[in-house]
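Participant: This structure is in structure tokens; I'll ask about it shortly.
There are 2 protein chains.
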Amino acid sequence: MSAKEERTRRDDVAGYQGYHMTPAEFRRRGYQLVDWVANYMECVEDYPVRSRVQPGDVRAALPEEAPDGPESFDEMIADVDRAILPGITHWQSPGFFAYFPSNTSGPSILGELLSAGLGVQGMLWSTSPACTELETLVMDWVQRMLGLPEGFRSDRGGGGVIQDSASSAVLCAIVAARERATEGAINRDGASGGLTAYASEHVHSSVEKGVRVAGFGETKLRKVSTDRKYAMDVAELERAIEQDREAGLVPAFVCATVGSTSSHAFDPVAAIAEVCRREGIWLHVDAALAGTAAVCPEFRWVHDGLEGADSYCFNPHKWMFTNFDCDCFYVRDRGALVSALSVLPEYLRNAATESGAVIDYRDWQIPLGRRFRALKLWFVIRHYGVEGLRYHVRRHVELAQEFARWVDESEEFERVAPAPLTLVCFRSVKGDEATERIEETVNEGGRVFLTHTKLDDRYVLRLSVGQTWTEHRHVATAWEELRAAAQEV
Amino acid sequence: MSAKEERTRRDDVAGYQGYHMTPAEFRRRGYQLVDWVANYMECVEDYPVRSRVQPGDVRAALPEEAPDGPESFDEMIADVDRAILPGITHWQSPGFFAYFPSNTSGPSILGELLSAGLGVQGMLWSTSPACTELETLVMDWVQRMLGLPEGFRSDRGGGGVIQDSASSAVLCAIVAARERATEGAINRDGASGGLTAYASEHVHSSVEKGVRVAGFGETKLRKVSTDRKYAMDVAELERAIEQDREAGLVPAFVCATVGSTSSHAFDPVAAIAEVCRREGIWLHVDAALAGTAAVCPEFRWVHDGLEGADSYCFNPHKWMFTNFDCDCFYVRDRGALVSALSVLPEYLRNAATESGAVIDYRDWQIPLGRRFRALKLWFVIRHYGVEGLRYHVRRHVELAQEFARWVDESEEFERVAPAPLTLVCFRSVKGDEATERIEETVNEGGRVFLTHTKLDDRYVLRLSVGQTWTEHRHVATAWEELRAAAQEV
């Protein structure tokens with residue numbers, strides 16, 4: 226059907242005027258797109274994992290101006306296949322071992338579809354009560370599933386909220402810490418330049434960004450040195466705090482990392498928490514990737530010491546089969562968070578808020594608006610059950626452990642950091658240049674994609690297992706490709 | 226099929242191990258959920274617009290613990306119908322006239338589904354080039370469609386980026402303004418307490434939140450008084466800036482509002498821009514709802530003076546049939562934004578970034594991760610075409626204008642602010658208490674939902690037209706219900 230015919234038909238449908246897609250057409254096009262996504266799941270392994278386009282290629286394949294008149298859905302899907310797909314780096318390919326995973330699953334995609342279909346706003350309890358109440362419930366489910374401290378439960382003065390990312394979560398934590406350290410003075414009168422923050426030198430870049438945005442200044446983030454396992458040296462942390470106090474500064478925020486991005490290092494949370502308690506400093510624990518492991522009792526050690534933290538986050542959108550964006554952020558004292566972020570204009574006033582009987586999540590985040598993200602996490606947990614999540618987490622850890630053994634037994638490669646879970650850091654025995662050339666050769670091959678970091682100033686490859694469909698054969702392929710590339714250089 | 230049978234079947238499918246939903250099952254369940262959404266579109270008008278649940282009702286209808294084993298998709302959908310739907314306030318009902326709309330459409334929902342299915346990350350160009358290039362292209366499309374200043378184009382030193390919300394956009398603008406005003410000193414060393422910001426007393430709460438988060442302090446936001454049309458008094462703005470300079474403070478940021486939330490007031494952007502140019506202050510223009518109107522040449526006046534702005538945003542997720550979240554944020558000098566927000570750790574280094582030939586959107590926003598939101602906006606623009614968007618914008622404006630005439634001609638109600646587009650502010654001639662009772666009576670009725678604000682300390686109702694399916698008969702129903710309620714009080 227031509228676009229013009231489609232449009233004429235739209236005009237004809239009683240009760241739906243104009244150019245809108247009617248429910249009947251949505252049904253037809255929805256089936257078509259579900260088929261497209263199902264086909265993509267089946268074929269994603271066949272595409273080169275890392276896109277091969279050059280800068281400007283995608284744009285050059287598309288018109289420079291918006292169309293004056295309506296176009297048909299068939300044209301749009303044809304353009305996705307022709308112009309968009311070649312520009313995709315396939316995060317959902319089982320050969321994706323780069324960065325950290327951002328995995329997803331059928332139930333999550335369907336939860337996202339339902340959320341888009343309902344199209345509700347959850348800024349206040351009263352703007353759609355189910356959006357808030359399901360989120361609070363699911364966050365309490367997750368607290369139990371992962372064995373997180375009871376103080377993070379919504380019925381214990383704390384509570385959880387879904388943020389878009391660990392970056393946004395840490396910014397909220399920093400702002401809450403800032404207000405607690407100054408008894409609200411910065412919210413009221415401004416200035417943060419006398420406050421200091423602390424994290425390991427391997428902390429994620431989001432902490433540096435958050436410290437900047439909140440006005441501490443990046444020179445006020447003390448990057449504490451690490452031990453041989455790349456974990457924070459607590460004696461160094463104590464010294465840094467003491468020095469800052471002596472200089473008249475106000476230590477306000479510590480971020481401990483549980484599974485660092487570079488090397489999966491685990492900062493000693495219990496010892497850090499003890500320092501923070503003694504010094505009255507807000508402790509945030511970032512377990513963005515590794516937190517998911519705690520669904521298995523044998524990996525609960527990742528959260529050792531967490532009961533001393535003021536806030537915590539991990540990302541189901543990394544390793545819990547829930548598509549981005551879904552970061553679970555918990556606080557022990559929700560009053561501190563809400564008082565830092567609450568602004569209540571007249572046009573949002575309502576009886577439920579004034580009763581104090583409800584949670585209004587707009588006061589737990591930077592944006593006002595929020596969509597119904599709990600649906601997808603709820604669908605994922607129910608589809609897999611706790612036992613299903615445990616099964617797949619264990620599989621991924623086993624695959625990474627096997628890869629680590631191959632590295633350890635090889636003559637071409639050496640491992641350069643502990644690999645307690647799913648990230649293996651290794652390098653060519655021939656040094657930085659060889660390692661970088663191996664990375665590029667493997668990635669150009671298209672069957673797998675992995676990325677690098679630097680540890681002790683050495684160029685290091687990272688193999689990160691966690692994509693939904695990754696099986697033994699994909700990890701084996703990665704190893705074959707790495708060895709073949711190592712022969713060549 | 227029972228959950229256990231389903232699981233057994235999953236185990237049996239060759240190539241997909243464990244508990245995952247297979248592509249075949251995704252296809253089947255996807256059709257089912259598309260049907261659910263299509264049915265919802267057809268029936269949404271039949272539900273009470275505002276949810277009738279009490280605090281705790283939704284949670285009480287659901288299990289307190291996550292399930293140990295897998296549950297079936299049929300059980301999940303049954304719970305959506307039984308426990309979730311009663312707790313939904315239906316933003317997609319044609320009887321929704323509350324707040325501002327957060328409208329959506331078939332092509333947008335399908336774009337969101339495609340984005341979830343692809344599951345890519347767009348933090349860097351190199352992490353999925355199409356995600357960045359389509360976004361830049363669509364933002365350039367929108368610049369032309371709305372007749373925005375040429376300086377906002379990506380090929381002119383500026384550029385656009387999709388943020389989750391106008392709140393996040395204004396925070397980025399504030400941080401960029403802060404850095405420009407202090408030549409990077411706050412990013413480096415911290416402290417914002419000497420900086421001041423300015424906005425009308427009717428500015429959105431997000432500006433107050435942004436000014437707080439960035440460490441200005443809320444007492445440093447000067448709420449400039451307004452004229453009889455609730456638009457910023459520029460002479461007052463000039464006086465406030467002068468006073469602050471005399472007090473040794475540093476005026477750094479002005480937010481002008483184009484279509485305020487309370488009353489749809491339009492600050493005089495051209496005159497404000499002249500002040501900002503002279504004083505060297507960053508000007509951000511927030512057109513969250515009203516910006517969409519500029520797709521029609523006859524409403525381009527909403528952007529009068531915009532060429533003097535440093536940054537600008539509007540929300541397709543309000544009034545352009547694109548489901549939340551989709552805020553279009555433009556800057557004239559992207560260097561100022563990027564230098565304020567860029568942090569580049571080793572694990573994100575790549576050849577494309579270092580070539581300088583690409584945009585890395587992570588430096589244009591607070592979070593690191595980002596999903597492929599351009600797809601839904603691209604689908605919407607192509608489905609409707611510019612002419613289709615104009616058609617529906619005009620229809621909504623006509624409906625609101627007709628409602629405004631009814632109010633003006635009535636004896637029960639009086640209009641209390643100009644209604645240039647789709648928001649009508651009015652009240653009962655019997656005063657605040659009567660107005661509040663009329664609001665509650667109408668909202669309890671369930672056929673329509675509208676909310677209130679305060680103007681000149683008087684309680685005022687807001688009827689905001691803009692939901693996708695709203696037709697003449699729905700506005701007529703709202704008017705009938707209001708008149709009936711007015712008879713009662």
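In order, the protein sequences belong to chains S and H. Using the numbering used here, count along the first sequence one by one with no gaps and you end on 714. Using the numbering used here, count along the second sequence one by one with no gaps and you end on 714. Positions of the beta carbon are idealized from the N, C-alpha and C atoms, including for glycine.
Taking the alpha-carbon of V556(H) as reference, which of S276(H), V274(H), Q388(H) has the nearest alpha-carbon?
Facilitator: It is Q388(H).
Participant: Tell whether a beta-carbon distance below 9 Å holds between V632(H) and V649(H).
Facilitator: In this structure, V649(H) lies closer than 9 Å to V632(H) by Cβ.
Participant: Is P476(S) close to chain H, meaning its C-beta is less than 9 Å from at least one C-beta of that chain?
Facilitator: No, because no Cβ of chain H sits closer than 9 Å to the Cβ of P476(S).
Participant: Is DSSP giving D511(H) helix, strand or coil here?
Facilitator: Residue state, collapsed to three classes: strand.
Participant: Check distances from the C-beta atoms of the segment 434-450 of chain S to those of chain H and list, in chain order, the residues that come in under 7 Å.
Facilitator: So the list reads K434, R437, V438, A439, G440, F441, G442, E443, T444, K445, given in the order they occur along the chain.
Participant: Nearest by alpha-carbon distance to E639(S): which of V436(S), R620(S), M246(S), G656(S) is it?
Facilitator: It is G656(S) whose Cα lies nearest to the Cα of E639(S).
Participant: Tell me whether C551(S) is buried or exposed, calling it buried when 16 or more other Cβ atoms sit within 10 Å of its Cβ.
Facilitator: When all chains shown are included, C551(S) counts as buried.
Participant: Determine whether the beta carbon atoms of A422(H) and V400(H) lie at a separation below 9 Å.
Facilitator: For A422(H) and V400(H), no; Cβs fall outside 9 Å.
Participant: Quick one: measure Cβ to Cβ for L373(H) and A439(H), integer angstroms, because I've assumed they're closer than 8 Å.
Facilitator: About 25 Å separates the two Cβ atoms, so there is no contact after all.
Participant: If you run the structure through DSSP and keep just helix, strand and coil, what is P332(S)?
Facilitator: Here P332(S) sits in helix by DSSP.
Participant: Short of 7 Å in beta carbon distance, which residues of its chain neighbour P326(H), apart from the five on each side in sequence? Order them along the chain.
Facilitator: If we look at P326(H) and ignore the five residues flanking it on each side, its Cβ neighbours are K543, W544, S689, G691, Q692.
Participant: May I have a chain-ordered list of the alpha helix (DSSP H) segments no shorter than 4 residues that lie completely inside the segment 247-284 of chain S?
Facilitator: Listed in chain order, they are 248-268.
Participant: Please list, in chain order, the chain H residues whose beta carbon lies closer than 9 Å to that of V459(S).
Facilitator: The premise fails here: V459(S) is roughly 23 Å from chain H at the closest Cβ pair, so nothing lies under 9 Å.
Participant: Could you check how far apart the C-beta atoms of A394(S) and F546(S) are, in whole angstroms? I think they sit under 8 Å.
Facilitator: At roughly 20 Å, the Cβ-Cβ gap does not stay under 8 Å, so A394(S) and F546(S) are not in contact.
Participant: Do you know whose CA, among D414(H), S318(H), W507(H), A406(H), lies nearest N264(H)'s CA?
Facilitator: Out of D414(H), S318(H), W507(H), A406(H), S318(H) has the C-alpha closest to the C-alpha of N264(H).
Participant: Since Q346(H) meets chain S, which of its residues come closer than 8 Å, beta carbon to beta carbon?
Facilitator: Simply W316, Y324, S327, F549.
Participant: Looking at the structure shown, is R232(H) part of a helix, part of a strand, or coil, going by DSSP?
Facilitator: With a pLDDT of 48 at R232(H), under the threshold of 50, the predicted position of this residue should be treated as unreliable, and no value is reported.
Participant: Can you check the segment 575-633 of chain S for any alpha helix (DSSP H) of at least 4 residues that lies completely inside it and give the ranges in chain order?
Facilitator: For the segment 575-633 of chain S, whole alpha helix (DSSP H) runs of length 4 or above, ordered along the chain, are 576-580.
Participant: Hey, does E290(H) have any beta-carbon neighbour from chain S nearer than 9 Å?
Facilitator: At least one chain S Cβ lies under 9 Å of E290(H).
Participant: Please determine if the segment 571-590 of chain S and the segment 670-678 of chain H are in contact, where contact requires at least 3 C-beta pairs separated by less than 8 Å.
Facilitator: Output reads yes: the segment 670-678 of chain H touches the segment 571-590 of chain S.
Participant: Any Cβ of chain S within less than 9 Å of the Cβ of M301(H)?
Facilitator: Yes, because at least one Cβ of chain S sits closer than 9 Å to the Cβ of M301(H).
Participant: Quick one: does H699(S) have its CB under 9 Å from some CB of chain H?
Facilitator: No, H699(S) does not count as interfacial toward chain H.
Participant: Kindly confirm or deny that the segment 415-431 of chain S and the segment 407-418 of chain H touch, where touching means at least three C-beta pairs closer than 8 Å.
Facilitator: Touching, per the Cβ criterion.
Participant: Since A513(H) and V527(H) should fall inside the 8 Å C-beta cutoff, what is the C-beta to C-beta distance between them, to a whole number of angstroms?
Facilitator: With 8 Å as the limit, A513(H) and V527(H) do not qualify as a contact, their Cβ atoms being about 12 Å apart.
Participant: Nearest by alpha-carbon distance to V618(H): which of L566(H), L371(H), V520(H), R662(H) is it?
Facilitator: Closest by alpha carbon: V520(H).
Participant: Please compile the residues from chain S whose C-beta is within a distance smaller than 7 Å of the C-beta of L396(H).
Facilitator: Result: I591.
Participant: When you compare the CB of G342(S) with every CB in chain H, is at least one pair closer than 9 Å?
Facilitator: Output row for G342(S): interface = yes.
Participant: Would you say G419(S) faces chain H, with C-beta separation under 9 Å as the test?
Facilitator: Taking Cβ atoms only, chain H reaches closer than 9 Å to G419(S), which makes this a yes.
Participant: Assuming G594(S) and Q368(S) are in contact, meaning their beta carbons sit under 8 Å apart, how far apart are those beta carbons, in whole angstroms?
Facilitator: That belief does not hold up - the Cβ atoms of G594(S) and Q368(S) are roughly 26 Å apart, past 8 Å.
Participant: As a quick exercise: from T314(S), Q279(S), D306(S), pick the residue whose alpha carbon is nearest that of P273(S).
Facilitator: The option with the nearest alpha carbon to P273(S) is T314(S).
Participant: Here's the rule I'm using: 16 or more other beta-carbon atoms within 10 Å means buried, otherwise exposed. How should A398(S) be labelled?
Facilitator: Flag for A398(S) reads buried.
Participant: Run through chain S and tell me which residues come within less than 9 Å of M545(H), C-beta to C-beta.
Facilitator: Those within 9 Å of M545(H) in chain S number zero; the least Cβ separation is about 12 Å.
Participant: So, with DSSP's three-state summary, where would you put M545(H)?
Facilitator: Coil.
Participant: Are the beta-carbon atoms belonging to I591(H) and S392(S) less than 9 Å from one another?
Facilitator: The answer is yes: Cβ separation under 9 Å.
Participant: Mind checking if E350(S) is an interface residue toward chain H, Cβ cutoff 9 Å exclusive?
Facilitator: According to the sequence as given, residue 350(S) is Trp; it is not Glu. Yes, W350(S) lies at the interface with chain H (some Cβ there is under 9 Å from its Cβ).
Participant: To the nearest angstrom, how far is the alpha carbon of D588(S) from that of R307(S)?
Facilitator: Rounded to whole angstroms, D588(S) to R307(S) spans 43 Å at the Cα level.
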